[in-house]
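Protein chains: 2
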Amino acid sequence: MTSTGSQPWARGISLPRRSPSLQCFALQCLWLAVMASLDGDLLYRLSGAESRYAPLSREHRDVKSCQRVLFENVTHTKHLAAGAGVTGPPSLPLVESHYFLDTVGQSYWDRKEVSVLHQVIPNPLTSLAVLEPGRPGSCDNGTDGRTLVRDTATLNDCILATNAGMFNTHTGACLGNVVSNGVLVQDSGGIQNAHFSLTKDGHIFTGYLSQLDLLTEDFTQLVGGVIWLVKDGASYVDHSLGVECPDTQETGSLERFTSVVSARTAIGHDVEGRVHLVEVNGKTDQKGINLYSLAEMLIRMGIVNAINLDGGGSTTTVINGTLVNYPSDQCQNSSYNCERPVTTVMCVHAPHCDPRDCSGHGSCDLGECRCRGFWHGPGCDTL
Amino acid sequence: MTSTGSQPWARGISLPRRSPSLQCFALQCLWLAVMASLDGDLLYRLSGAESRYAPLSREHRDVKSCQRVLFENVTHTKHLAAGAGVTGPPSLPLVESHYFLDTVGQSYWDRKEVSVLHQVIPNPLTSLAVLEPGRPGSCDNGTDGRTLVRDTATLNDCILATNAGMFNTHTGACLGNVVSNGVLVQDSGGIQNAHFSLTKDGHIFTGYLSQLDLLTEDFTQLVGGVIWLVKDGASYVDHSLGVECPDTQETGSLERFTSVVSARTAIGHDVEGRVHLVEVNGKTDQKGINLYSLAEMLIRMGIVNAINLDGGGSTTTVINGTLVNYPSDQCQNSSYNCERPVTTVMCVHAPHCDPRDCSGHGSCDLGECRCRGFWHGPGCDTL
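Chains as they are written, first to last, in full-length UniProt numbering: chain A, 1 to 383; chain B, 1 to 383.
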C-alpha cells in the first residue's frame, strides 16, 4: 500500500542498470543510462579532507577549538520544527516540489542561469529521514556501500530523496556523524563541521556538533556537511570558512570548494520550522553555483538556517523513483551523464507506524494503522 | 498490469494541482507546483502564424508551392523504421533515457552550457504514438483542450511523454495535421510545414506534407512542427527558413524563432530507424539553444532526419508520471516555474494488444494477450 518499491516503474528504472537485456521484463524497461558513473565532477573538498573526517587519522584540531574564541558557545541553533507536538495525521502534501530558474553571478560575464529544485517538507519530524545507502547497516560495512539515490529511495519507500552526507571517495565509506531513524549509525569522534539534524524533542539542530552534543542531544536524524551556509537568516559562509578548521594544506581546498561553481545540495529550515531541500544543477567549474551565491539564494527563499551537503556529481534528486535533476558525472561508456552512487540520502517518506508493520495485522496509512479483521489498538496488536 | 495510471504516485502528482488539500490522500501527496503556468516564455513563432496554420484563414501559399522550383519533388524522406516486419515481443528496453550536458555557442561570450534529455525509442512502430491532449477526441472539441503532458501520459499509460505539436495560444486548439493511432484527428488542409510521422508500411516519414501525401500515405502517427532541422544527415535549417513560406510580415518572426536561444523539442530518427526525442532545457532569450545549434547537436548524435516541434515553455518531458525537465513558464502565483498545458504529446508506451483489452478475457503483456481461464486465441476471443 505505502510502497513506492511496489511500483513496477520505480523498480524497473533501476533494475536494467546492470544488465538491461536480462533484467528488463514486461513494462519495466525504461532504461536511464546510469551504468556506472565516473567521478569526473568531484568537488575538490576531499584533498586531505579524509584526515579531517575519518575517525582513525583525524588530528584533534576540531571546529569547536577554533570557535571558542570567536563565537563562544554559540556553535549551533535549535529551532522548533513544524508540527512539533501535533498528533494525528500530518498536513498534506508531504512535500511540495518546485522548480525555478535563477540568475547567479555579479558581473555580466560572470552571470549564469541555473536551474533549481526546491523541496519543502512541512512535517519534517514524521516524514524526513537520513538513510544509509541501500539497507540499514550499510554504513557499518566498511566496504564500498555506495548506492544510487533511487535504489535507496526504492528500498525505503521514499517519495522523494536526495543525496546527503559526504563520503570517502576511495573506500566509499560514509563520513561524518550519522543518525538514521534514531539509531546512531556512525560516530565520527567529535567532527565539528556543519551538521543538520532533528531531535526527539521536536527541534531542528543546525550547526557545529561537538562530541558532547552527540551524547546530550537526542538526535533522531543527523547528517553532516561542509560549510554552514545560512545562520539566523544571514550568510555564514565567510565565518564557516574561518571556523571549519582547515589545516594549512587544506585551506586552499576549502576555499576553492566554497567559491567554485558546481552542482550543490543544501538543507535548511524556514521560520515556521519547515525543512527545505535545495538542489542546484551544475558541473564543477562550468555551471552551477558557488556557496556564497547559494547562501544568498537560500536567504531569498526565506531559509533561516542551512548547511551545505555533498554536491558536484553527487547532486541527485529522485521523485517517485525517477531521476529529476541533471547529474554531471560522465557515464562509464559514453558521453552521457550518469548518477553517482552515494552513501547517505535524505528521504521524504510517509509517516511510519508504530510498529512499522502494524504487528502484521494491518496496513499503515499516514502513520496510523488500519487493522484487519478483529485486530485493534494503535499497533493492531490486540484481539 | 500495464497501467502507468494505476501507480498511486503518478496519479497523486497530478491530482493535487487543482485542490491540493482536498485531493491529496494517503501517499499521493507529492505536490509539484504547477497550479497554472503563465505563457511567459512563448517563442515568437505564432505572430501571424495562425494564418499559416489554421484551415479557415490560411492563404494558399504553402510550402509545396515554394518548394517546387528549388527542390522539385524531394519534399520528404522515407526511412524504414527499426523493427519493421518483426513480429513477436519487441526488443527491450522500450526507451533508453539519457542525460547530458553540452556546450553551445561559437564565441566565448556566446557559449552556454545546456542540459539535454535524449530518449531513444528502438521500436517506434509499436511503442510510439501521437496523442491528443487528455483523451482521444479532444483536439476536435474546438475549445481549449490543453492539458499537462503528465496528465495525458497518465491517462494513456505512457512510460515517457513529451509535448509535441504547436497549438493556437488564444483558443488552445491543436494546430497542423494530426494522426493518432491510425485516426486522422485533424486535417489542416494542406499545411506544408515540417512533419514527422510513421506509416502503416513501417516507414518513418519526415518533411513537408502535401494534401496529396495526407491522402496517399497511410499514416499511423503524424505530427507537425516548424523547421525541418536535419535532412539526410545535414543541417536543413537554412533551407527550411527559405521554404517554409513565411509571408512578408512573418519573415522576421520565423527567423527570430529559429535563431533565438530557448527550450526546444525535436524528433528524428537514426540510420537504424530508431526514433530519437531530444529536449533541451532553456528560457527564451536567456538559456537554451537555437535551431542551428540544435541541428548540429542532433547530427553529432547520429540523427539523420529531424524536425523541430513545439518548444519554449511547452518543452516538457515526463517519465513515469514525473516531470523530469525544467520548465520555463512562470507559475501563476509565484516565481516558481510551471509546466505549460499543451495539446498533442509524443507518447512512448508498451505495445498495444489487438484488441487492446484482449476481449476482456486477458491481460496485455508487451503486445501479446495472456488469456484468462479457457479463453484463447491471439485476442482471447475463442472458447
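Beta carbons are placed, not taken as given, at the ideal position from N, Cα and C, and that holds for glycine.
Everything numeric in this text was worked out from a predicted model, so none of it was measured.
Going by DSSP, name the residue or residues bridged to tryptophan 228 of chain A. One-based indexing of the first sequence puts residue 228 of chain A at position 228. Looking at the DSSP output, tryptophan 228 of chain A bridges to A/Ile307.
Over the uninterrupted alpha helix (DSSP H) stretch that includes threonine 216 of chain B, give me the two end residues. Within the second sequence, residue 216 of chain B is the residue found at index 216, counting from 1. Residues 211-216.
Is glutamate 113 of chain A close to chain B? Criterion is C-beta to C-beta, closer than 8 Å. What you label residue 113 of chain A is simply residue 113 of the first sequence in a count that begins at 1. Answer yes: the Cβ-Cβ gap between glutamate 113 of chain A and chain B drops below 8 Å somewhere.
In the DSSP assignment, the alpha helix (DSSP H) including isoleucine 299 of chain A goes from what residue to what residue? To locate residue 299 of chain A, count along the first sequence from 1; it is residue 299. Element bounds for isoleucine 299 of chain A: 291-300.
Sub-8 Å separation of valine 230 of chain B and alanine 164 of chain B beta-carbons: Reading the second sequence from its first residue, position 230 is the one you call residue 230 of chain B. Reading the second sequence from its first residue, position 164 is the one you call residue 164 of chain B. Their beta carbons are not under 8 Å apart, which means valine 230 of chain B does not touch alanine 164 of chain B by this criterion.
Which residues in the same chain have their Cβ closer than 7 Å to the Cβ of cysteine 158 of chain A, if we skip the five residues on either side of it in sequence? Here residue 158 of chain A refers to the residue found at position 158 when the first sequence is read from its first residue. Its chain contains Thr4, Cys347, Val348 and His349 as the residues whose beta carbon lies nearer than 7 Å to that of cysteine 158 of chain A, once the 5 sequence neighbours on both sides are disregarded; these appear in chain order.
Are the Cβ atoms of threonine 344 of chain B and cysteine 174 of chain B separated by less than 8 Å? For the purposes of this step, residue 344 of chain B is taken as residue 344 along the second sequence, with counting starting at 1. For the purposes of this step, residue 174 of chain B is taken as residue 174 along the second sequence, with counting starting at 1. Yes, these two residues count as a Cβ contact at 8 Å.
Output needed for valine 118 of chain B: all residues of its chain with C-beta closer than 6 Å, excluding positions within five of it in sequence on either side, in chain order. Indexing the second sequence from 1 puts residue 118 of chain B at position 118. In the sequence on display, residue 118 of chain B carries histidine and not valine. Around histidine 118 of chain B: His98 and Val278.
Endpoints, the alpha helix (DSSP H) within which valine 280 of chain A is located: As a working mapping, residue 280 of chain A is identified with position 280 in the first sequence. Valine 280 of chain A -> not in any alpha helix (DSSP H); beta strand (DSSP E) instead, spanning 275-280.
Residues bridged to residue 460 of chain A by DSSP? Within the shown structure, residues of chain A are numbered from 1 to 383, placing residue 460 of chain A beyond reach of any answer.
Pick out the complete beta strand (DSSP E) segments inside the region 75-135 of chain A, 3 residues or longer, and give them in chain order. Qualifying beta strand (DSSP E) stretches, in chain order: 76-80, 95-104, 112-121 and 128-131.
Give the DSSP-derived three-state secondary structure of cysteine 24 of chain A in the structure shown. The residue labelled residue 24 of chain A in the question sits at position 24 within the first sequence. Confidence at cysteine 24 of chain A is low in this model, with a pLDDT of 39, below 50, so its placement is unreliable and the value that follows should be read with caution. Looking at cysteine 24 of chain A - three-state DSSP - the assignment turns out to be coil, as it is neither helix nor strand.
If you run the structure through DSSP and keep just helix, strand and coil, what is phenylalanine 205 of chain B? Stepping through the second sequence from its first residue, residue 205 of chain B is reached at position 205. Phenylalanine 205 of chain B falls in the strand class under three-state DSSP.
Residues, ordered as in the chain, of the region 311-326 of chain B that lie near chain A by beta-carbon distance below 8 Å: Those residues of the region 311-326 of chain B that come within reach of chain A (Cβ to Cβ, closer than 8 Å) are Ile319, Asn320, Gly321, Thr322, Leu323, Val324 and Tyr326.
Name the residues in the region 255-288 of chain A whose C-beta lies less than 7 Å from a C-beta of chain B; which are they? Cβ contacts with chain B come from Asn281, Lys283, Gln286 and Lys287.
Secondary structure at serine 6 of chain A, three-state DSSP: helix, strand or coil? Along the first sequence, one-based indexing puts residue 6 of chain A at 6. A caution first: serine 6 of chain A carries a pLDDT of 31, below 50, which makes its placement in the model too unreliable to give a value.
N-terminal and C-terminal residue of the beta strand (DSSP E) that valine 178 of chain A is part of: Numbered from its first residue, the first sequence carries residue 178 of chain A at position 178. Counting along the chain, the beta strand (DSSP E) containing valine 178 of chain A begins and ends at 178-180.
In whole angstroms, what is the alpha-carbon distance linking aspartate 285 of chain B and glycine 379 of chain A? Looking up residue 285 of chain B in the second sequence gives position 285. Looking up residue 379 of chain A in the first sequence gives position 379. It is roughly 57 Å from the alpha-carbon of aspartate 285 of chain B to the alpha-carbon of glycine 379 of chain A.
Would DSSP call glycine 373 of chain A helix, strand or coil? What you label residue 373 of chain A is simply residue 373 of the first sequence in a count that begins at 1. In this structure, glycine 373 of chain A counts as coil in the three-state DSSP scheme.
Under 7 Å, CB to CB, which of the residues in the region 328-341 of chain B have a partner in chain A? So the close ones are Ser328, Ser335, Tyr336 and Asn337.
Is it buried or exposed for cysteine 24 of chain B, if we count other Cβ within 10 angstroms and need 16 for buried? The residue labelled residue 24 of chain B in the question sits at position 24 within the second sequence. Low confidence applies to cysteine 24 of chain B: its pLDDT is 39, below 50, so where it sits in the model is not reliable, and the reading given next is rough at best. Flag for cysteine 24 of chain B reads buried.
Is alanine 81 of chain A near leucine 125 of chain A, with beta carbons less than 8 Å apart? Locating residue 81 of chain A in the first sequence gives position 81, counting from the first residue. Locating residue 125 of chain A in the first sequence gives position 125, counting from the first residue. Taking the C-beta atoms as reference points, leucine 125 of chain A is found nearer than 8 Å to alanine 81 of chain A.
Alpha carbon to alpha carbon, how far is aspartate 329 of chain B from alanine 263 of chain B? Here residue 329 of chain B corresponds to residue number 329 of the second sequence, with the count starting at 1. Here residue 263 of chain B corresponds to residue number 263 of the second sequence, with the count starting at 1. Aspartate 329 of chain B and alanine 263 of chain B: Cα-Cα distance of roughly 11 Å.
On a Cα-Cα basis, can you pick out the residue from B/Gly202, B/Gln186, B/Ala129 and B/His239 that is closest to leucine 215 of chain B? One-based indexing of the second sequence puts residue 215 of chain B at position 215. It is B/Gln186.
Distance, valine 183 of chain A Cα to glycine 48 of chain A Cα: Here residue 48 of chain A refers to the residue found at position 48 of the first sequence. Here residue 183 of chain A refers to the residue found at position 183 of the first sequence. Confidence at glycine 48 of chain A is low in this model, with a pLDDT of 34, below 50, so its placement is unreliable and no value can be given for it.
The alpha helix (DSSP H) spanning histidine 239 of chain A covers which residue range? On the first sequence, position 239 is the one that residue 239 of chain A refers to. For histidine 239 of chain A, the uninterrupted alpha helix (DSSP H) run begins and ends at 237-243, by DSSP.
How far does the beta strand (DSSP E) with aspartate 270 of chain B in it extend, from its first residue to its last? Along the second sequence, one-based indexing puts residue 270 of chain B at 270. Run containing aspartate 270 of chain B: 264-270, per the beta strand (DSSP E) assignment.
Please check the pair valine 223 of chain B and valine 178 of chain B, which I expect to be a contact at CB under 8 Å, by giving their CB distance rounded to whole angstroms. Here residue 223 of chain B corresponds to residue number 223 of the second sequence, with the count starting at 1. Here residue 178 of chain B corresponds to residue number 178 of the second sequence, with the count starting at 1. Yes, they are in contact, since the Cβ atoms of valine 223 of chain B and valine 178 of chain B sit about 6 Å apart, within 8 Å.
Going along chain A in order, which residues have a C-beta closer than 9 Å to the C-beta of histidine 352 of chain B? Within the second sequence, numbered from 1, the residue matching residue 352 of chain B stands at position 352. The contacting residues do not exist; histidine 352 of chain B stays about 12 Å from chain A at best.
Proline 90 of chain B and glycine 367 of chain B: beta carbons closer than 8 Å? Locating residue 90 of chain B in the second sequence gives position 90, counting from the first residue. Locating residue 367 of chain B in the second sequence gives position 367, counting from the first residue. Contact flag set, yes.
For a contact defined as C-beta to C-beta under 7 Å, what are the partners of phenylalanine 100 of chain A on chain B? The residue given as residue 100 of chain A occupies position 100 in the first sequence. Contacts between phenylalanine 100 of chain A and chain B, judged by CB atoms closer than 7 Å, involve Ser335, Tyr336 and Asn337 in chain order.
Evaluate glutamine 106 of chain B with the Cβ neighbour count: other Cβ atoms within 10 Å of its Cβ, from every protein chain shown; 16 or more gives buried, anything less gives exposed. The residue given as residue 106 of chain B occupies position 106 in the second sequence. Looking at its Cβ environment, which holds fewer than 16 other Cβ atoms inside 10 Å, glutamine 106 of chain B is exposed.
Cβ shell of cysteine 369 of chain B (< 7 Å), same chain only, five flanking positions each side left out: Your numbering for residue 369 of chain B matches position 369 in the second sequence. Excluding positions up to five away in sequence, the list reads Cys353, Cys358, Gly362, Pro378, Gly379 and Cys380.
Closer than 7 Å by C-beta to leucine 383 of chain B: which residues in its own chain qualify, once you throw out the five before and the five after it? Chain order, please. Here residue 383 of chain B refers to the residue found at position 383 of the second sequence. Phe374 and Trp375, listed in sequence order.
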